[in-house]
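Residue numbers (the working numbering), protein chains in the order written: chain A, 3 to 268; chain B, 6 to 365.
Backbone N, C-alpha and C fix where the C-beta goes; we use that ideal spot for every residue, glycine too.
Here's the structure, in structure tokens; my notes come after.
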Amino acid sequence: MNIALRIYILVFVLFLYAPTLLLPLFAFNDSSIIAFPLSGFTLEWFSALWQENGLQSAAVNSLIIATASSILATTLAMLASSASVRHDFPGKAPMMGIIMVPMFLPEIIIGVSLLTMLVLAGLPLSIYTIILGHTLICVPFCIAILRSSFQHLDPSMEEASLDLGETRATTFRRITLPLIVPGVVSSLLIAFTISLDEFVIAFFLSGTEPTLPVYIWSQLRFPKKTPIIMALGTVLLVVSVCLLSFSELVKRRNLRRLGLDHRPGV
Amino acid sequence: MIKLEKIQKYYGQYHALRDISCDMVEGEFFSLLGPSGSGKTTLLRTIAGFEHPDSGDVSIDGQSMAKVPPNKRPTNMVFQSYAIFPHMNVAENVAYGLRSKAVNKTDQLKLVRDTLAKVDLAGYEDRAAHAMSGGQRQRVALARALILKPKVLLLDEPLSALDRKLREEMQSELRRLQRNLGITFVLVTHDQEEALTMSDRVAVMFEGRIAQVDTPETLYRRPASKRVAEFFGSMNVLPAKLIDKSIHGQTVGIDGLGHIEVPENQFPEIALESNLCAGVRPESMTILEEDDNTAEKQTDGVITDVEYRGEMTYYDVRFEGTEQLVCVSMRNTTARRIKQVGDAVRIGWGRDSVVLLVDQ
């Protein structure tokens, strides 16, 4: 590899990850001003996290919303993908197209239009309305993942189960679900992460119950709170890395169980 | 046992099954044979309940299956891909269908053990599904279906994924299993040799229609149409004309062979003048030695081509006074000399060598 290419890679990786690494750096720094040089080590900001009232309820809101919308979106996506992979029906292509649209639509458009609709319908804004919005934007991503799971599932597996006397419901539980578990886990995780850090829609639909990103945004106006936000960012970073490793572990365990772990390209 | 009545199936514009009527007898080994696209797999899946006919009915043991879903039918299927559940071991795969039958644990274990022994997989209970070879997976698929004691076992090209040696082993093994169990087997295959060696009866299918249902021997010796004849081995097909009709039979003129009498019962049913032809298998003619006068009929000819294939030699012979070429095969016995191109020969044949065919 030549020198230029090495430098390019180095710059690329630095550009990608250096800003993220600043978060833990300043989270442990004992000055409230975000600037070099660092002045000393402290855990003060992490303990301050616990005393922030709004933060805790925002975090709980975010977790509830992310969990609910990831489960909802994955369930809906499972139904849509299995229908679109297994069956042919009139209007399938346009229908799938419409379901995928939110992936390409600017979130601000979705946020504004959902808000308008909810106001017109006279529904109060709450975490439920955010769950609604997040489910809408997560479904296309979940479908993209689950469609490939269903495409790789030999349809005669399900037919064999029916043939051996099981009903459609038990076939789904005993055969389909176990075989698409890696896809389901990925889908849950991607929806969870999308929902967790989504700001625009949450901002429009949150009413009096802010999510974590909305809360962080509101606190950035107070310079004194900045290191606390850094500490919060660090916690979120660690949680994300843990989630990612967990999903990779699940995937590998599954491949090993199915005897596919030596297959190249998986 | 299984009764198929006037089954029609369309996929959009495509007419997949055309007016299929057929009976399968209890305890027989029945094959559906045809090239790809002939509808044989669709028909098998219709019996299993995965496809629904647009009209017509499948009944098993006198009971209409029209409203019976696959999981309630007395049939079990061995899929072409075997469909072994990859997240279960061999024993779990084989015991899969017992769960809905509410069999208790100890009986289950014993049943699994017995069934695995039947397919020569004793002791493989704890093997992971993915650690099994192609032939072993096939046996697992068989055991998984047989453990439920179905009235009918449906097999969808079960041997096509195996190599030649294993395939031949499995052919005789499937045959043996079927005889021992006395269950009706319905096999889908595109391999005519496989259908002939394994089956009690074979239905030959082309383009969604059953062309002929018969025992392997009758299919080979007395095919009903040119197409069926050519599907099983090689067959000389010669143009033929109806010359005369009497109470005893018909006189038919065949290019190169002359006139022969055909008894009424051997005349194909829907033979129009225009599409009648005569078929002669290469092995039902023989090249006569100088002093051999045993043949019922004799025709002189000249050898135009010789193809030596080890145990057999195939000669192309042009009959005297015609342009008609006919292929004659001779077994290469120790005493028999291989003839050369240009040799003048006498071909011996008989009325029984000829079968009248409909060219459709």
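query, result
"Test item: CB-CB of leucine 49/B and leucine 159/B under 8 Å", "yes"
"Three-way DSSP call (helix, strand, coil) for glycine 284/B in this model", "strand"
"8 Å Cβ cut-off: residues of chain A touching serine 86/B", "Asp156, Ser158"
"Buried/exposed call for glutamate 312/B, threshold 16 Cβ in 10 Å", "exposed"
"Valine 322/B classed as buried or exposed, judged by whether at least 16 other C-beta atoms fall within 10 angstroms", "buried"
"Against chain A: residues of the region 70 to 82 of chain B by CB proximity under 9 Å", "Pro74, Pro75, Asn76, Lys77, Arg78, Thr80, Asn81, Met82"
"Alpha helix (DSSP H) segments (min. 4 residues) lying fully within the region 140 to 165 of chain B", "none"
"CB of glutamine 176/B within 8 Å of CB of methionine 137/B, strictly", "no"
"Beta-carbon proximity of methionine 93/B to alanine 148/B, cut-off 8 Å", "no"
"Cα-Cα separation, isoleucine 231/A to serine 220/A", "11 Å"
"Cβ neighbours of alanine 61/A in the same chain (closer than 7 Å, five flanking residues each side left out)", "Leu214"
"Residues near proline 142/A in its chain [Cβ-Cβ closer than 7 Å; skip 5 each side]", "Ile101, Met102, Pro104, Met105"
"Span separating the alpha-carbon of glutamate 301/B from that of tyrosine 19/B", "50 Å"
"Where the region 178 to 192 of chain A meets chain B: residues whose CB sits under 7 Å from a CB there", "Pro180, Leu181"
"Inter-stretch contact (C-beta, 8 Å, three-pair minimum) for the region 218 to 237 of chain B and the region 349 to 363 of chain B", "yes"
"Neighbour-count burial assignment, alanine 162/A, 16 or more Cβ in a 10 Å radius", "buried"
"Contact set between arginine 259/A and chain B, taken where Cβ atoms lie within less than 7 Å", "His92"
"DSSP state of glycine 267/A mapped onto helix, strand, coil", "Per-residue confidence for glycine 267/A stands at a pLDDT of 40, beneath the threshold of 50, marking its modelled position as unreliable; the derived number appears in the next sentence. Coil at glycine 267/A, not helix or strand."
"When Met159/A, Ser188/A, Glu46/A are compared against arginine 175/A, the one with the closest alpha-carbon", "Met159/A"
"Leucine 125/A: first and last residue of the uninterrupted alpha helix (DSSP H) it sits in", "Segment: none, leucine 125/A is in no alpha helix (DSSP H) and carries neither H nor E."
"Distance CB(serine 249/A)-CB(valine 187/A) smaller than 8 Å", "yes"
"Where histidine 135/B falls: helix, strand or coil (DSSP)", "helix"
"Boundaries (first-last residue) of the alpha helix (DSSP H) holding isoleucine 89/B", "Note, isoleucine 89/B: premise wrong, no alpha helix (DSSP H); not H, not E."
"Assigned exposure category for aspartate 165/A - 16 Cβ within 10 Å defines buried", "buried"
"Interface partners of glycine 427/B on chain A, CB under 9 Å", "Because chain B here runs from 6 to 365, residue 427/B falls outside it and cannot be looked at."
"Beta carbon proximity, leucine 153/B to chain A, threshold 8 Å", "yes"
"Beta-carbon proximity check, leucine 239/A vs isoleucine 218/A, cutoff 8 Å", "no"
"Proximity winner among Pro58/B, Ala146/B, Asp119/B, relative to glycine 44/B (alpha-carbon distances)", "Pro58/B"
"Whole-Å CB distance - proline 155/B paired with proline 40/B, under 8 Å assumed", "Incorrect: roughly 28 Å between the Cβ atoms, too far for contact."
"Alpha-carbon spacing of asparagine 109/B relative to tyrosine 129/B, whole angstroms", "21 Å"
"Cross-chain neighbours of lysine 45/B in chain A, by beta carbon under 9 Å", "The contacting residues do not exist; lysine 45/B stays about 16 Å from chain A at best."
"Environment of glycine 394/B [buried if 16+ CB atoms lie within 10 Å]", "Absent from the model: residue 394/B. The displayed extent of chain B is 6 to 365, so no value can be given."
"Under 9 Å by beta carbon: chain A residues contacting serine 105/B", "Leu166, Gly167, Glu168, Thr169, Thr172"
"Phenylalanine 38/A burial status per 10 Å Cβ neighbour count (16 or more: buried)", "exposed"
"Beta-carbon separation (whole angstroms), alanine 75/A vs threonine 137/A, contact threshold 8 Å", "5 Å"
"Within 8 Å, strictly: CB atoms of valine 99/B and valine 117/B", "yes"
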